Amino acid sequence: AQKVTQAQTEISVVEKEDVTLDCVYETRDTTYYLFWYKQPPSGELVFLIRRNSFDEQNEISGRYSWNFQKSTSSFNFTITASQVVDSAVYFCALSPPTGTASKLTFGTGTRLQVTL
Amino acid sequence: GAVVSQHPSRVICKSGTSVKIECRSLDFQATTMFWYRQFPKQSLMLMATSNEGSKATYEQGVEKDKFLINHASLTLSTLTVTSAHPEDSSFYICSAPPYADTQYFGPGTRLTVL
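Chains as they are written, first to last, in the numbering used here: chain A, 1 to 116; chain B, 117 to 230.
Dropping the structure here:
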């Protein structure tokens, strides 16, 4: 069985602060994919990143960065210099690779509130 | 980029009526689509996998006779909530993979059953 845990239910920061969202996963699969999605108040899920379990390199995209640690089964997401527009619910998700479409197992989400 | 649309975005209906929600992949074909349900301030729960040209696969605990899924073409899947009741009120989201092992999500449909 697969499980994703996002222990932080809500985080509040002041604009320009850095913030890290934690994600810990459980799976028996030897290969898998990890994802982060952003859900703004409008409700639409926005794809942020997909990471293959073979690739443990950290990734940076603008103000976003991801730290994948296979040894601790974690895939944490850091927003640098947060902005009000970053306010949203962020979901971490896990799927087994099948070569086609795979079911996603979502964490419970972390609600990020960025204030001025 | 890959886009998934849903229609309607919001629907209010009376208890006992049926509601159809459409999910379309706009610039790619999808033999498989997924339907999720999200209650307020909760995570997304997979309801079923929609397979083009064949029966949908439902997750445990999801009533297939209540949530009818039809995947009639490579770009369209529909979810029909039959005889809706207030407890069916929720946010329904579909997703489709533009390429292997990645899903793009529709904007969601908020269903309110009075």
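Cβ atoms here follow ideal geometry from the backbone N, Cα and C, with glycine treated the same way. Computed from a prediction, not measured in an experiment: that's the story for all the values here.
List the residues of chain B whose Cβ lies closer than 7 Å to the Cβ of residue 97 of chain A, in chain order. Going along chain B in sequence order, the residues near residue 97 of chain A (Cβ under 7 Å) are 217.
Suppose you measure from the CA of residue 27 of chain A to the CA of residue 188 of chain B; what does that come to, to the nearest Å? C-alpha separation (whole angstroms): 34 Å.
Simplified DSSP state of residue 85 of chain A, which is helix, strand or coil: DSSP, reduced to helix, strand and coil, places residue 85 of chain A within a helical segment of the structure shown.
Chain-order list of residues whose beta-carbon lies under 8 Å from that of residue 225 of chain B (same chain, five-residue window excluded): So the list reads 122, 123, 124, 125, 126, 127, 137, 207, 208 and 209, once near-sequence residues are dropped.
For a contact defined as C-beta to C-beta under 7 Å, what are the partners of residue 193 of chain A on chain B? Since the first and last residues shown for chain A are 1 and 116, residue 193 of chain A lies out of range.
Is the stretch 2–12 of chain A in contact with the stretch 49–62 of chain A, if contact means three or more CB pairs nearer than 8 Å? No, the stretch 2–12 of chain A does not touch the stretch 49–62 of chain A.
Taking 8 Å as the CB-CB limit, is residue 28 of chain A close to chain B? Cβ-Cβ to chain B under 8 Å: no for residue 28 of chain A.
So what's residue 70 of chain A in DSSP terms, helix, strand or just coil? It is helical.
Who pairs with residue 201 of chain B in a beta bridge, going by DSSP? For residue 201 of chain B, which the question treats as bridged, DSSP gives no partner whatsoever.
My guess is that residue 13 of chain A and residue 114 of chain A are in contact by the Cβ rule of under 8 Å, so how many angstroms apart are they, rounded? Between residue 114 of chain A and residue 13 of chain A the Cβ distance is about 6 Å, and since that is below 8 Å, they are a contact.
Assuming residue 15 of chain A and residue 112 of chain A form a contact by the criterion Cβ under 8 Å, report the distance between their Cβ atoms to the nearest whole angstrom. At roughly 12 Å, the Cβ-Cβ gap does not stay under 8 Å, so residue 15 of chain A and residue 112 of chain A are not in contact.
Residue 142 of chain B to residue 73 of chain A span [Cα, whole Å]: As the crow flies, the alpha-carbon of residue 142 of chain B is around 35 Å from that of residue 73 of chain A.
Give the single residue among B:211, B:192, B:230 and B:217 whose Cα lies nearest to the Cα of residue 44 of chain A. Checked all of B:211, B:192, B:230 and B:217; the closest Cα to residue 44 of chain A is B:211.
State yes or no: is the C-beta of residue 183 of chain B within less than 8 Å of the C-beta of residue 166 of chain B? Here residue 183 of chain B is not near residue 166 of chain B, since their CB atoms are 8 Å or more apart.
Determine the contact status of residue 135 of chain B and residue 222 of chain B, defining contact as a CB-CB distance below 8 Å. For residue 135 of chain B and residue 222 of chain B, no; Cβs fall outside 8 Å.
For my contact list, residue 190 of chain B and residue 147 of chain B are in at a C-beta cut-off of 8 Å; report their separation, rounded to the angstrom. The beta-carbon distance between residue 190 of chain B and residue 147 of chain B, rounded to whole angstroms, is 6 Å. This is short enough to meet the 8 Å contact definition.
Shortest alpha-carbon distance to residue 200 of chain B belongs to which of B:193, B:227 and B:219? Checked all of B:193, B:227 and B:219; the closest Cα to residue 200 of chain B is B:227.
With DSSP collapsed to three states, give me the class of residue 138 of chain B. In the three-state reduction of the DSSP assignment, residue 138 of chain B falls in the strand class.
Any beta strand (DSSP E) of 3 or more consecutive residues that is wholly inside the stretch 150–197 of chain B: Here the runs fully enclosed are 160–167, 183–189 and 192–197.
Continuous beta strand (DSSP E) stretch holding residue 146 of chain B: start and end: Element bounds for residue 146 of chain B: n/a, residue is neither H nor E.
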